[in-house]
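Colleague:
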Amino acid sequence: METQTKIWLSSPHMGTNEQTYVAEAFKTNWIAPLGPNVNLFEESIQSYVANGVHVAALSSGTGAIHLALEILGVSSGDEVLCQSLTFSASANPIKYLGATPVFVDSEKDTWNISPILLEKAIKDRISKGKKPKAIVAVHLYGMPYKVHELSEISIKYDIPIVEDSAEALGSSVDGINCASFGDIGILSFNGNKIITTSGGGALVSKNKAHKEKALFLATQARDDAPHYQHSHVGYNYRMSNVLAGIGRGQMEVLDDRVAARRSNFEFYKASLGHLKEIEFLNEREGFFSNRWLSCILTASYEMRERLRYALLEDDIESRPIWKPMHLQPIFKNAPNYSDGTSEELFERGLCLPSGSNLTNQDLDRIVSRILKELTQ
Ligand SMILES: *Cc1c(COP(=O)(O)O)cnc(C)c1O
118 METQTKIWLS
128 SPHMGTNEQT
138 YVAEAFKTNW
148 IAPLGPNVNL
158 FEESIQSYVA
168 NGVHVAALSS
178 GTGAIHLALE
188 ILGVSSGDEV
198 LCQSLTFSAS
208 ANPIKYLGAT
218 PVFVDSEKDT
228 WNISPILLEK
238 AIKDRISKGK
248 KPKAIVAVHL
258 YGMPYKVHEL
268 SEISIKYDIP
278 IVEDSAEALG
288 SSVDGINCAS
298 FGDIGILSFN
308 GNKIITTSGG
318 GALVSKNKAH
328 KEKALFLATQ
338 ARDDAPHYQH
348 SHVGYNYRMS
358 NVLAGIGRGQ
368 MEVLDDRVAA
378 RRSNFEFYKA
388 SLGHLKEIEF
398 LNEREGFFSN
408 RWLSCILTAS
418 YEMRERLRYA
428 LLEDDIESRP
438 IWKPMHLQPI
448 FKNAPNYSDG
458 TSEELFERGL
468 CLPSGSNLTN
478 QDLDRIVSRI
488 LKELTQ
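Residue numbers (the working numbering): 118 to 493.
Right, dumping it as structure tokens:
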């Protein structure tokens with residue numbers, strides 16, 4: 118008897134050389150949050166993302182957002198605009214700094230922050246006497262936000278952008294890679310992301326001073342002195358040289374991982390696209406999504422739950438779209454500018470298994486279960 122294995126939403130997928138680079142760390146005894154793997158991993162991200170960007174490898178994407186906001190001058194009492202439809206890690210660092218998140222709803226075209234609502238929010242906050250200090254915009258599930266519209270708003274009101282590219286390494290707009298559009302970009306290498314170091318992140322900026330400040334803050338903010346001298350509160354956010362070895366190997370297969378995830382999406386679309394109950398989010402002209410997670414919009418909350426449970430019965434993991442931050446208990450008192458879009462996406466949206474290591478049999482099993490549920 119054949120036993121079916123569990124199909125996960127998004128599981129790690131190692132390439133060929135990860136263990137070799139980790140072994141190098143052991144052989145040379147660079148078992149520390151610095152060393153050759155860290156430098157080489159940073160260099161490989163730099164040459165992948167864009168000419169002239171500077172990258173600091175860190176212990177998590179969350180830490181990278183924390184440092185980015187601090188470097189851009191966010192401090193206690195400030196307001197920071199943040200996409201509401203996202204993972205909580207986009208918003209939590211605003212609270213670490215004692216600032217207040219102001220949430221902005223998504224638009225249907227990209228599921229990301231609406232430029233129209235963003236500008237409305239900025240004008241309203243300014244009229245209330247408080248100009249926001251930064252904007253956290255997110256390329257959700259790998260689909261880019263409207264980078265040009267956002268840049269225009271950022272320049273017009275002189276408010277910097279933290280580009281949360283945690284889900285979007287390998288995505289691009291007009292051939293320019295995500296993580297290079299904002300004043301500071303951030304990446305995540307958590308276990309479920311498109312490539313992983315088991316846990317890790319990076320800060321990306323065209324401004325070399327941003328990287329230097331990030332490294333200073335991430336390594337306990339030591340002043341230039343022979344003894345331990347501190348005139349600033351520091352953090353312990355640097356990436357381990359052991360984990361950076363995994364990252365080096367993963368960067369070598371990144372393009373394959375993007376291709377595999379995009380092909381998952383195309384398979385779902387080809388197999389389910391004819392059903393009137395199911396919608397897919399298409400790429401706008403010039404937009405290229407890494408399709409980190411393949412998501413569908415079902416006809417209703419009830420149908421979404423029905424599908425989720427049906428898949429679960431067959432040991433297939435799926436997940437509702439992120440619950441918007443303005444609906445989260447921890448942020449219930451935060452100001453928000455919403456028009457109901459993210460609420461509806463949350464109610465009707467489902468993320469399907471999307472790993473780059475899914476087999477054709479896995480994909481067939483998932484699609485058959487969905488078709489059985491919807492056509493029986
Ligand atoms: C994963 C993720 C983060 C956080 O990254 P970690 O490395 O897990 O700390 C931030 N923002 C978004 C949108 C994410 O999906």
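Even glycine gets a Cβ: it sits at the ideal position worked out from N, Cα and C.
Helix, strand or coil: which one does DSSP assign to Phe397?
Modeller: Phe397: coil per DSSP, three-state reduction.
Colleague: State the Cα-Cα distance for the pair His327 and Ser164, rounded to the nearest angstrom.
Modeller: Their Cα atoms are separated by approximately 18 Å.
Colleague: With a cut-off of 8 Å, do at least 3 Cβ pairs link the segment 350-370 to the segment 436-451?
Modeller: No, the segment 350-370 does not touch the segment 436-451.
Colleague: By Cβ distance below 6 Å, which residues in the same chain neighbour Glu396 in space, the five residues on each side in sequence not counted?
Modeller: For Glu396, where only same-chain residues beyond five positions count, the Cβ hits under 6 Å are Leu414.
Colleague: Quick check on DSSP: helix, strand or coil for Gln200?
Modeller: If DSSP states are grouped into helix, strand and coil, Gln200 belongs with the strands.
Colleague: Phe333: buried (16+ other C-beta within 10 angstroms of its C-beta) or exposed?
Modeller: Classification for Phe333: buried.
Colleague: Let's test the definition: count the other Cβ atoms within 10 Å of the Cβ of Lys248 and tell me whether it reaches 16, buried, or not, exposed.
Modeller: Its Cβ having fewer than 16 others within 10 Å, Lys248 is exposed.
Colleague: When the Cα atoms are used, what is the spatial distance from Ile270 to Lys123?
Modeller: Spanning the two alpha carbons is a distance of roughly 45 Å.
Colleague: Drop a sphere of 10 angstroms on the beta-carbon of Glu430, count the other beta-carbons inside from all chains shown, and report buried for 16 or more, exposed for fewer.
Modeller: Looking at its Cβ environment, which holds fewer than 16 other Cβ atoms inside 10 Å, Glu430 is exposed.
Colleague: According to the neighbour-count rule (16 or more other Cβ atoms, all chains shown, within 10 Å of its Cβ), is Asp281 buried or exposed?
Modeller: Buried.
Colleague: On the DSSP bridge list, what partners appear for Ala206?
Modeller: Partner(s): none; Ala206 has no beta bridge.
Colleague: Below 8 Å between beta carbons: does that hold for Asn294 and Val172?
Modeller: Contact flag unset, no.
Colleague: Which runs of the alpha helix (DSSP H), 4 residues or longer, sit entirely within the segment 396-483?
Modeller: The qualifying runs are 418-430 and 458-465.
Colleague: Between the C-alpha atoms of Leu151 and Glu383, what's the straight-line distance to the nearest angstrom?
Modeller: Using only the alpha carbons, I get a separation of about 40 Å.
Colleague: Pick helix, strand or coil for Gly317, following the three-state DSSP scheme.
Modeller: It is coil, neither helix nor strand.
Colleague: Output needed for Cys199: all residues of its chain with C-beta closer than 8 Å, excluding positions within five of it in sequence on either side, in chain order.
Modeller: Same-chain partners within the cutoff: Ser207, Ala208, Ile211, Pro218, Val219, Phe220, Val221, Ile252, Val253 and Met442.
Colleague: Which first and last residues belong to the beta strand (DSSP E) in which Thr153 is found?
Modeller: For the record, residue 153 in the displayed sequence is Pro; it is not Thr. Not the beta strand (DSSP E): Pro153 falls in the alpha helix (DSSP H), residues Pro153 to Val166.
Colleague: Output the boundary residues of the beta strand (DSSP E) element that contains Pro232.
Modeller: Pro232 -> not in any beta strand (DSSP E); alpha helix (DSSP H) instead, spanning Pro232 to Ser244.
Colleague: Can you pull the DSSP bridge partners for Val253?
Modeller: DSSP, once it has assigned bridges, lists Cys199 and Val279 as partnering Val253.
Colleague: Tell me, which residues are paired with Ile188 by DSSP?
Modeller: Answer by DSSP bridge pairing: none, since Ile188 is not bridged.
Colleague: For Ala387, count the other beta carbons within 10 Å of its own beta carbon; 16 or more makes it buried, fewer makes it exposed. Which is it?
Modeller: Ala387 should be labelled exposed.
Colleague: If contacts are defined as beta-carbon pairs under 8 Å, then Ser471 and Ser231 qualify, I think. What distance do you get, rounded to the angstrom?
Modeller: About 25 Å; that fails the 8 Å criterion.
Colleague: Determine, using beta carbons only, whether Leu467 and Arg425 come nearer to each other than 8 Å.
Modeller: The answer is yes: Cβ separation under 8 Å.
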